[in-house]
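Comments concern the structure below.
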Amino acid sequence: MDKKKPKKVFVQGAIPPEKIANSIANHQSKTNIGAHSIFLGQIRADEIDGKTVSAIDYSAYEEMAENVFHEIREAAFAKFDITCAHIYHSLGEVKTGEICLFVFTSSAHRKIAIEACNYFVEEIKANVPIFGKEIFEDETHQWKVNK
Amino acid sequence: MDKKKPKKVFVQGAIPPEKIANSIANHQSKTNIGAHSIFLGQIRADEIDGKTVSAIDYSAYEEMAENVFHEIREAAFAKFDITCAHIYHSLGEVKTGEICLFVFTSSAHRKIAIEACNYFVEEIKANVPIFGKEIFEDETHQWKVNK
Amino acid sequence: MKVTVKYFGMIAELAGKTEELLEVPSGTSAIELKDRQVRRYQIQDPESVQLAVNQNLDNKVELNEGDEVAFLPPFAGG
Amino acid sequence: MKVTVKYFGMIAELAGKTEELLEVPSGTSAIELKDRQVRRYQIQDPESVQLAVNQNLDNKVELNEGDEVAFLPPFAGG
């Protein structure tokens, strides 16, 4: 059920720590879970040519991105014996120090939860049409590229 | 500083989701961090010979365990370019569905945070003198062994 | 025939718009459309730009009336 | 000489205590103490039991007055 339902991944602005706590609390009734693996992406105050990043403004080809997220979920559930998986990604402005990506996988056993979490993170970075405008403290900007 | 100070790892009873949210929130001022990796161990309601686990009662050789945790931290900081690392483990009774282990690593880059988190989890499972009494619903028990 | 063209990130910035409806000759391929728009908007580093035709990244296709063609700069999610 | 012996987990359960002060002959090795207590408390699967002498898992040592010897069943943290 958790697997089939297409889920909304994008959230407006930063992902608050309370959302992460709520997600964890919501899994305490699932007593077949033995391990959760969580990945959080946080905005770094990178210094580039003497200017410091103060925020990233995320945009996306939303319809395609939601479909790609769904395909990644389907592939992950086929590949890994996970109980559930949740992904949230920010749209709009996220300031340095705030969370822009939250990946949460659960399984009976730790190795499966961890591998699945890594899989999600790599697939999201490589395949989801999300774009990031790095905004500097002086209001200039440049476009971020994933390595 | 974060590295040197010996930290108290053991907490009495389950680790509440709010503690995890607080840990995350406490890192939002560290703007050199780009990635957090979190591992959570949750008590499974395993069925063994027709009986269902309802809780695990954790005990430890506490003085030695705190020293081993400290050695694992030192080794992890030598091995991985992490910004910070936090470990919490329960003592006493933790019910099924509740969290008994919380490992939290942070780095500028995702691969380092993830590898360091895995390192902590494996080292803790293998080398820290913690003992777990699996308590069944009928109040009988057996002693847990890590695989 | 008409196709809807969408621009994202730095390409939207260069084009000064996020979407336009273009009239193209019947038989135009996705790659031909890409070349034309790369010149028109002076898009740098065109190899880094991916096209999605109706959300499909395989762009070695001929376009059809009503297709949605998205110009995607390098991804930066996560 | 006297050594402090600590028991944990299932071994504490078998021994019916978590700690005792034992008088052992001078020159007793950790392994000899282990064998003696394994018999005394009928500890099953003694290969799975690790000894820590003053928190050190290397137990191929001779004991000294005042040592702390811990009997550790298989670890189950995490």
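Chains as they are written, first to last, in this note's numbering: chain A, 2 to 148; chain B, 2 to 148; chain C, 55 to 132; chain D, 55 to 132.
Where a beta carbon is used, it is the ideal one built from N, C-alpha and C, also for glycine.
- Taking 9 Å as the threshold, the shortest C-beta distance from residue 31(A) to chain B falls below it.
- Counting only residues of its own chain and dropping the five nearest sequence neighbours on each side, residue 55(D) has a CB closer than 6 Å to the CB of 80 and 119.
- Beta-bridge partners of residue 58(C) (DSSP): 75(C) and 122(C).
- Here DSSP, grouped into helix, strand and coil, assigns residue 110(C) to strand.
- The beta carbon of residue 129(A) sits closer than 9 Å to some beta carbon of chain C.
- At least one C-beta of chain D is nearer than 9 Å to the C-beta of residue 101(B).
- C-alpha of residue 83(A) to C-alpha of residue 47(B): approximately 16 Å in a straight line.
- Residue contact with chain D for residue 112(B): absent (no Cβ-Cβ distance below 9 Å to any residue of chain D).
- Residue 105(B) and residue 135(B) have their C-alpha atoms some 26 Å from each other.
- Under the DSSP definition of a beta bridge, residue 100(B) partners with 16(B) and 43(B).
- Between residue 141(A) and chain B, the shortest Cβ-Cβ separation is not below 9 Å.
- The C-alpha of residue 129(A) is placed about 23 Å away from the C-alpha of residue 117(C).
- Contact between residue 18(A) and residue 26(B) is confirmed by a C-beta separation of about 4 Å, below the 8 Å threshold.
- The beta carbon of residue 87(C) sits closer than 8 Å to the beta carbons of 57, 59, 76, 78, 105, 117 and 123 from its chain, once the five residues preceding and following it are set aside; these are given in chain order.
- For the region 34–55 of chain B, the beta-carbon criterion of a distance under 8 Å to any beta-carbon of chain A is satisfied by 34, 35, 36, 37, 38, 39, 40, 41, 42, 43, 44, 45 and 46.
- Not a single CB atom of chain D sits nearer than 9 Å to the CB of residue 8(B).
- Look at residue 61(A) here: in three-state DSSP terms it is strand.
- Using a 10 angstroms sphere on the CB of residue 127(B), the tally of other CB atoms stays under 16, which defines it as exposed.
- Distance check between residue 11(B) and each of 138(B), 22(B), 125(B) and 52(B) places 125(B) closest, using alpha-carbon atoms only.
- Residue 32(B) and residue 107(B) have their C-alpha atoms spaced approximately 11 Å apart.
- Counted as a single uninterrupted DSSP element, the stretch harbouring residue 121(B) is not any beta strand (DSSP E) but the alpha helix (DSSP H) occupying residues 111–128.
- Using a CB distance below 7 Å, the part of the region 114–126 of chain B facing chain A consists of 115, 119 and 122, ordered along the chain.
- In the assembly as shown, residue 72(C) is an exposed residue. Its beta-carbon has fewer than 16 other beta-carbons within 10 Å.
- CA-to-CA, the gap between residue 60(B) and residue 123(B) works out to about 19 Å.
- Against chain C, the CB of residue 24(A) has no partner CB under 9 Å away; the residue lies outside that interface.
- With at least 16 other beta carbons inside 10 angstroms of its own, residue 145(A) counts as buried.
- From the beta-carbon of residue 95(B), no residue of chain D is found nearer than 7 Å; the closest lies around 12 Å away.
- If you look at residue 86(C), you'll find it in the alpha helix (DSSP H) that goes 84–94.
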